[in-house]
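Residue numbers (numbering that gives the first Met the number 0), protein chains in the order written: chain D, 0 to 465; chain C, 0 to 465. Have a look at the structure below before the remarks.
2 protein chains.
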Amino acid sequence: MFTTQEYIARRAGLKKLVGEGLILLTGNDEVGINFEDNIYPFRQDSTFLYFFGIQTFGLTAIIDLDNDEEIIFGDDPSIDHIVFSGPIESLESQARKVGVSAVKSVSELSEYLGGAVSKGKKVHFLPPYRAEHSVKLSALLHVAIPKLEEHSSVELIKAIVKLRTKKSAAEVLEIEKALNITVEMQYRAMEVAKPALKESDVFGEVSKIALAKGVGTSFPPIVTINGQILHNHYRGNELSEGDMLLCDCGGEVASGYAGDLTRTFPIAKKFSATQKEVYDIMYASYRTAVEMLRPGQLFLDVHLAAAEKIVEGLITLGLMKGDPKKAVAEGAHTMFFQCGLGHLLGLDVHDMENLGEQYVGYTDTLKKRTDFGFRSLRLGRALEEGMVLTVEPGIYFIPELIDLRKKEGKFQEFIDYEELEKYRDFGGIRVEDVFLITSNGAQILGNRLPTSATEIEEFMVSHKRL
Amino acid sequence: MFTTQEYIARRAGLKKLVGEGLILLTGNDEVGINFEDNIYPFRQDSTFLYFFGIQTFGLTAIIDLDNDEEIIFGDDPSIDHIVFSGPIESLESQARKVGVSAVKSVSELSEYLGGAVSKGKKVHFLPPYRAEHSVKLSALLHVAIPKLEEHSSVELIKAIVKLRTKKSAAEVLEIEKALNITVEMQYRAMEVAKPALKESDVFGEVSKIALAKGVGTSFPPIVTINGQILHNHYRGNELSEGDMLLCDCGGEVASGYAGDLTRTFPIAKKFSATQKEVYDIMYASYRTAVEMLRPGQLFLDVHLAAAEKIVEGLITLGLMKGDPKKAVAEGAHTMFFQCGLGHLLGLDVHDMENLGEQYVGYTDTLKKRTDFGFRSLRLGRALEEGMVLTVEPGIYFIPELIDLRKKEGKFQEFIDYEELEKYRDFGGIRVEDVFLITSNGAQILGNRLPTSATEIEEFMVSHKRL
Chain D
0 MFTTQEYIAR RAGLKKLVGE GLILLTGNDE VGINFEDNIY PFRQDSTFLY FFGIQTFGLT
60 AIIDLDNDEE IIFGDDPSID HIVFSGPIES LESQARKVGV SAVKSVSELS EYLGGAVSKG
120 KKVHFLPPYR AEHSVKLSAL LHVAIPKLEE HSSVELIKAI VKLRTKKSAA EVLEIEKALN
180 ITVEMQYRAM EVAKPALKES DVFGEVSKIA LAKGVGTSFP PIVTINGQIL HNHYRGNELS
240 EGDMLLCDCG GEVASGYAGD LTRTFPIAKK FSATQKEVYD IMYASYRTAV EMLRPGQLFL
300 DVHLAAAEKI VEGLITLGLM KGDPKKAVAE GAHTMFFQCG LGHLLGLDVH DMENLGEQYV
360 GYTDTLKKRT DFGFRSLRLG RALEEGMVLT VEPGIYFIPE LIDLRKKEGK FQEFIDYEEL
420 EKYRDFGGIR VEDVFLITSN GAQILGNRLP TSATEIEEFM VSHKRL
Chain C
0 MFTTQEYIAR RAGLKKLVGE GLILLTGNDE VGINFEDNIY PFRQDSTFLY FFGIQTFGLT
60 AIIDLDNDEE IIFGDDPSID HIVFSGPIES LESQARKVGV SAVKSVSELS EYLGGAVSKG
120 KKVHFLPPYR AEHSVKLSAL LHVAIPKLEE HSSVELIKAI VKLRTKKSAA EVLEIEKALN
180 ITVEMQYRAM EVAKPALKES DVFGEVSKIA LAKGVGTSFP PIVTINGQIL HNHYRGNELS
240 EGDMLLCDCG GEVASGYAGD LTRTFPIAKK FSATQKEVYD IMYASYRTAV EMLRPGQLFL
300 DVHLAAAEKI VEGLITLGLM KGDPKKAVAE GAHTMFFQCG LGHLLGLDVH DMENLGEQYV
360 GYTDTLKKRT DFGFRSLRLG RALEEGMVLT VEPGIYFIPE LIDLRKKEGK FQEFIDYEEL
420 EKYRDFGGIR VEDVFLITSN GAQILGNRLP TSATEIEEFM VSHKRL
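Laid out in structure tokens, this is it:
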């Protein structure tokens, strides 16, 4: 997938940016589901993958910046392991393919690190996102688990973000592979969904394609008639004629890159008049956002423009009122659009989210907002050539939120609560595509899917692909 | 699925067996795949499920035996959580359904435990199988992570094993549901497999059924033309006419109970003469084992009898020689049958494996053997009414193992290494069914699947179900 030279260049970039000390990158281990040997599908840590590319558990890598030394610590399997899991390529051979010549046993890691620390070297490591990292780092570095995050290296985080933000041509190809699997998943969902099936039947079909054509899904697929529940993983409802099905899913390819696309479509093949009105508002918001994508454009402003477009539309429906700009400034749009417009995508579906959204999606001067509706906007900073990101506006009617805000007496200037009652059970809709920022604009990635209401209805009736 | 009374009775049984002190049971948390919020499908800890039945992350339960107090520690979701994940039933209401009236916030847990410990109460807890348990238990009990296992409670382990070993009628029904999904998975694999498809295509079909009809797979399905690799998770090979496909898979139902069945079938619809010869030997071993199942029967002896039957068969093929009993006594059968004949099944596909195989499958006087071919025999002790277990003999030709043993000069009295070379690339076959031990014998669970070579060939040709 990637050449030895590309891995060497990535590490050279990292070394230049971090400068001095020692970089410690922990690969992921296997995680037991209900006992140690019944494991979840193994997923290598994305940063480890980016710099070292090896898809095996139990590895740790060290880059000693002062001695310009790169070592992978890991152990080759025993005969028992070969009997149960088959022969695997030696670690030394795998390491050579990514340009690393030094391989040592895990048993040497602690002493190696101890030696470096006793010489006063700074150890750069990342904040843990799995308990296994905490246990491992705490034992290796003699730092108490609750203190690990504050001892992690901001310099290392910033360097990784800088490198991983700009996708290479080879990375974009991997993302497109993942998206093309995802396009197949979306088409399949639209092809099979029909009254009397359950959400879980469509979920099964969508998952099957990810498992058969890639290495699985890049996140647990959301397949729901209750699109207003943003990360809905219940899937026991039966589909009925009047329902819309929201399908948000992604395939993952062997290299680890993720797809992520959403479509919302009517089980009856045609949207009802009300459904179409709301869909068109969301689609207008999507168009507005997409047209703004170019290097230098603050993504926070794209989010706000997309929100304003939604407010404008809801004013024509009579659900909102007043000045759209002012409504967005006061956060009234968060009644219907509670989440972020998009996020970076790459080796992670929310790319680099484990490094901290402030570092990934914002800057030293642009702080991530913590108020409702903005704290889930993962990307705010100016777009750059080579970024890959999603655009995913949505309109969601959440009964619990409506009741809460009404009780609080909030947004009275902008919301017609009486009119809103009629939409209480509307549900939620979203559309999501993935874009690459180019030198002067943006380019959609992956094969085409029906996107406008008309295109979706045409596909639902004809099953003819674009 | 289970009545409030059944949960109360299970805990009453536990209290009686453990006697005094305080029982601390940690539920499972969510595990990030590549960042904290991108989570693997949540799976509750099986012991927590058995006694408390609640399928939510972030819970801990305490049973204070001295005060006869049962408390679940957990927190209800915030509005942010409701927006993203939908409304969920309050913890109090869920607790009431399993007969627990005391619910406290997680923030109170540390103080509650501290108070109990300062009064000199013994805290019974289980050995951790996920790093999250280690981190949680270490912080709560002020025990260093490497010391947790030795501080865990053998009394608690033994009490749980005693209770969970004997399945209630309601539990057997749940296992049958899981098995019937698994039967559908097996039929689907046989129906769709054909030349030029990839293993991953069949894997996708099999997984789809588990996802659509249950909550997923009870372990990562093995779908491979290289059946000799016992836990093979590579699935990129193309199926060809001469191949046999080994499919070992299980569905899991909402209550957490597991299915686990294996079939090996010819892509060409008919076995070759050599394939059929080896299949028949394995099937004879299966029949021998099944006929021996009854209360009081040492399962280690069933394993040995099944191994002997394999040796007898391989002698007729000319691959082995000498006295079958002696061959098994000296371990020569482990050249072809490297794993255990079966394991308990219930909430876990290897039931209670996290509690330690010595406690689950053996006794104080019957120690688990540690030599090759026996260290993966998870069950050795006498069978009891109400046990549910698998029977899964197999014959595997592992080139790396053949080469190793030949080089070591082992088993020369029993193996014809020259003849064996002809079977070097045969692959591996297995059949696996699940049985309930009854008062005077055993009963197969779940709908019927083709099992003998003839039945399998008939299904492959006709697609007519039994």
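Backbone N, C-alpha and C fix where the C-beta goes; we use that ideal spot for every residue, glycine too.
For proline 40 (chain C), go through chain B and note every residue whose CB falls closer than 7 Å to its CB, in chain order.
Structure shown: chain B not included; protein chains present are D and C.
Should the stretch 350-364 of chain D be called in touch with the stretch 372-383 of chain D, which here means at least 3 C-beta pairs below 8 Å?
yes
Cβ closer than 7 Å: which chain D residues qualify as neighbours of alanine 204 (chain C)?
Working through the second sequence from its first residue, we reach residue 204 (chain C) at position 205. Strictly speaking, residue 204 (chain C) in this sequence is glutamate, with alanine absent from that position. Near glutamate 204 (chain C) (Cβ distances below 7 Å), the residues of chain D are Lys207.
At a Cβ threshold of 9 Å, is alanine 211 (chain D) touching chain C?
Walking along the first sequence from the start, residue 211 (chain D) turns up at place 212. So yes, alanine 211 (chain D) belongs to the interface.
Out of curiosity, what's the CA-to-CA distance linking leucine 340 (chain C) and lysine 161 (chain D)?
Here residue 340 (chain C) corresponds to residue number 341 of the second sequence, with the count starting at 1. Here residue 161 (chain D) corresponds to residue number 162 of the first sequence, with the count starting at 1. Answer to the nearest angstrom: the Cα atoms are 54 Å apart.
Considering just the uninterrupted stretch of the alpha helix (DSSP H) at glutamate 356 (chain C), what are its terminal residues?
For the purposes of this step, residue 356 (chain C) is identified with residue 357 of the second sequence, where counting begins at 1. Counting along the chain, the alpha helix (DSSP H) containing glutamate 356 (chain C) begins and ends at 356-360.
Looking at the C-beta of tyrosine 233 (chain C), does it have a partner C-beta in chain D at a distance below 9 Å?
Taking the second sequence and counting its residues from 1, one reaches residue 233 (chain C) at position 234. Taking a beta-carbon distance threshold of 9 Å, tyrosine 233 (chain C) counts as an interface residue toward chain D.
Three-state secondary structure (DSSP) at leucine 265 (chain D)?
Locating residue 265 (chain D) in the first sequence gives position 266, counting from the first residue. The residue you asked about is not leucine; residue 265 (chain D) is proline in the sequence shown. Of the three classes helix, strand and coil, the one that applies to proline 265 (chain D) here is strand, per DSSP.
Which value, in whole angstroms, describes the spacing of the CA atoms of phenylalanine 298 (chain C) and alanine 130 (chain C)?
Sequence index remark: in the second sequence, residue 298 (chain C) carries index 299 (1-based). Sequence index remark: in the second sequence, residue 130 (chain C) carries index 131 (1-based). If you take the alpha carbons of phenylalanine 298 (chain C) and alanine 130 (chain C), they lie about 33 Å apart.
Comparing alpha-carbon positions, which option in D:Tyr278, D:Gly317 and D:Asn439 lies nearest isoleucine 394 (chain D)?
Within the first sequence, the letter at position 395 stands for residue 394 (chain D). Selected option, being the one with the closest Cα: D:Tyr278.
Got a sec: is the Cβ-Cβ distance from glutamate 148 (chain D) to anything in chain C below 9 Å?
Numbered from its first residue, the first sequence carries residue 148 (chain D) at position 149. Closer than 9 Å: no.
Report yes or no: is there a C-beta of chain C within less than 9 Å of the C-beta of arginine 129 (chain D)?
The count along the first sequence starts at 1 and reaches residue 129 (chain D) at position 130. Under the Cβ criterion of 9 Å, arginine 129 (chain D) is counted among the residues facing chain C.
Helix, strand or coil at phenylalanine 202 (chain C) according to DSSP, with G and I counted as helix:
As a working mapping, residue 202 (chain C) is identified with position 203 in the second sequence. Correct three-state label for phenylalanine 202 (chain C): helix.
Please give the ranges of any alpha helix (DSSP H) in the stretch 85-118 of chain D, keeping only runs that are unbroken, at least 4 residues long and fully inside the region.
90-96 and 108-117
Anything in chain C within Cβ reach of phenylalanine 83 (chain D), meaning under 7 Å, just list it in chain order.
The sequence position of residue 83 (chain D) within the first sequence is 84, counting from 1. Ordered by position in chain C, the residues that pass the 7 Å Cβ test against phenylalanine 83 (chain D) are Leu229 and His230.
I want to know whether the stretch 19-37 of chain C touches the stretch 444-460 of chain D - three or more CB-CB distances under 8 Å.
no
Suppose contacts are defined by Cβ-Cβ distances below 9 Å. Is phenylalanine 124 (chain C) in contact with leucine 23 (chain C) by that definition?
As a working mapping, residue 124 (chain C) is identified with position 125 in the second sequence. As a working mapping, residue 23 (chain C) is identified with position 24 in the second sequence. Yes, the pair counts as a contact, with Cβ atoms nearer than the cut-off.
If arginine 293 (chain D) and leucine 382 (chain D) are in contact, beta carbons under 8 Å, what's the gap, nearest whole angstrom?
Numbered from its first residue, the first sequence carries residue 293 (chain D) at position 294. Numbered from its first residue, the first sequence carries residue 382 (chain D) at position 383. Indeed, because the Cβ distance is near 7 Å, the residues count as touching under 8 Å.
Along the chain, where does the beta strand (DSSP E) containing leucine 245 (chain D) start, and where does it finish?
Within the first sequence, numbered from 1, the residue matching residue 245 (chain D) stands at position 246. Segment 243-248, the beta strand (DSSP E) holding leucine 245 (chain D).
Could you pull the DSSP bridge partners for glycine 31 (chain D) from this structure?
Reading the first sequence from its first residue, position 32 is the one you call residue 31 (chain D). DSSP lists D:Ile38 as partners of glycine 31 (chain D).
Pick from C:Ile62, C:Gly408 and C:Val289 that is closest to alanine 331 (chain C), judged by C-alpha positions
Locating residue 331 (chain C) in the second sequence gives position 332, where the first residue counts as 1. For the residues C:Ile62, C:Gly408 and C:Val289, the minimum Cα distance to alanine 331 (chain C) belongs to C:Gly408.
For valine 469 (chain D), tell me which candidate among D:Tyr256, D:Gly113, D:Ile71 and D:Lys96 has the shortest Cα-Cα distance.
Because chain D in this structure spans residues 0 to 465, residue 469 (chain D) falls outside the shown range and cannot be described.
With distances taken between CB atoms, is the gap from aspartate 467 (chain C) to phenylalanine 56 (chain C) smaller than 9 Å?
There is simply no residue 467 (chain C) to check, as chain C begins at 0 and stops at 465 in what is shown.
Leaving out five residues on either side along the sequence, give the residues of the same chain with a beta carbon under 7 Å from the beta carbon of histidine 132 (chain C).
As a first step, residue 132 (chain C) must be located in the second sequence, where it is residue number 133. Annotation for histidine 132 (chain C): Thr25 place their beta carbon closer than 7 Å to its own, counting only its chain and skipping 5 residues before and after.
Helix, strand or coil for histidine 123 (chain D), going by three-state DSSP, please let me know.
If you number the first sequence from 1, residue 123 (chain D) lands on position 124. Correct three-state label for histidine 123 (chain D): strand.
When the distance is taken between beta carbons, is glycine 426 (chain C) closer than 9 Å to aspartate 242 (chain C)?
For this step, residue 242 (chain C) is matched to residue 243 along the second sequence. For this step, residue 426 (chain C) is matched to residue 427 along the second sequence. Their beta carbons are under 9 Å apart, which means aspartate 242 (chain C) touches glycine 426 (chain C) by this criterion.
Contact the stretch 230-242 of chain C vs the stretch 396-413 of chain C: 3+ CB pairs below 8 Å:
no
CB contact check: leucine 403 (chain D) to chain C, cutoff 9 Å
As a position in the first sequence, residue 403 (chain D) is number 404, starting the count at 1. Yes, leucine 403 (chain D) counts as interfacial toward chain C.
Buried or exposed: where does valine 153 (chain D) fall if 16 or more other Cβ atoms within 10 Å of its Cβ makes it buried?
Indexing the first sequence from 1 puts residue 153 (chain D) at position 154. So valine 153 (chain D) ends up on the exposed side.
Look up leucine 343 (chain D) in the DSSP assignment and say whether it is helix, strand or coil.
As a first step, residue 343 (chain D) is located in the first sequence; it is residue number 344 there, counting from the start. Correct three-state label for leucine 343 (chain D): strand.
Expressed to the nearest angstrom, what Euclidean distance is found between the alpha-carbon atoms of lysine 103 (chain D) and serine 92 (chain D)?
As a first step, residue 103 (chain D) is located in the first sequence; it is residue number 104 there, counting from the start. As a first step, residue 92 (chain D) is located in the first sequence; it is residue number 93 there, counting from the start. Going from the Cα of lysine 103 (chain D) to the Cα of serine 92 (chain D) covers about 13 Å.
Checking the sheet assignment: what are the DSSP bridge partners for lysine 197 (chain D)?
As a first step, residue 197 (chain D) is located in the first sequence; it is residue number 198 there, counting from the start. In DSSP, lysine 197 (chain D) forms a bridge with D:Glu237.
In chain D, what lies closer than 8 Å to glycine 31 (chain C) by C-beta?
Residue numbering aside, residue 31 (chain C) sits at position 32 when the second sequence is read from its first letter. By Cβ distance, chain D contributes Tyr128, Arg129 and Asn353.
On a CA-only basis, which of C:Ile78, C:Ala192, C:Phe50 and C:Glu69 is nearest aspartate 402 (chain D)? Give me that one, please.
Along the first sequence, read from residue 1 onward, the residue named residue 402 (chain D) stands at position 403. Of C:Ile78, C:Ala192, C:Phe50 and C:Glu69, the residue nearest in Cα terms is C:Ile78.
With 8 Å as the C-beta to C-beta threshold (strictly closer), list the residues of the stretch 42-70 of chain D near chain C in chain order.
Arg42, Asp44 and Ser45
Going by C-alpha to C-alpha distance, which of D:Phe373, D:Leu48, D:Phe34 and D:Val30 sits closest to leucine 344 (chain C)?
For the purposes of this step, residue 344 (chain C) is taken as the residue at position 345 of the second sequence. When only C-alpha atoms are compared, the closest one is D:Phe34.
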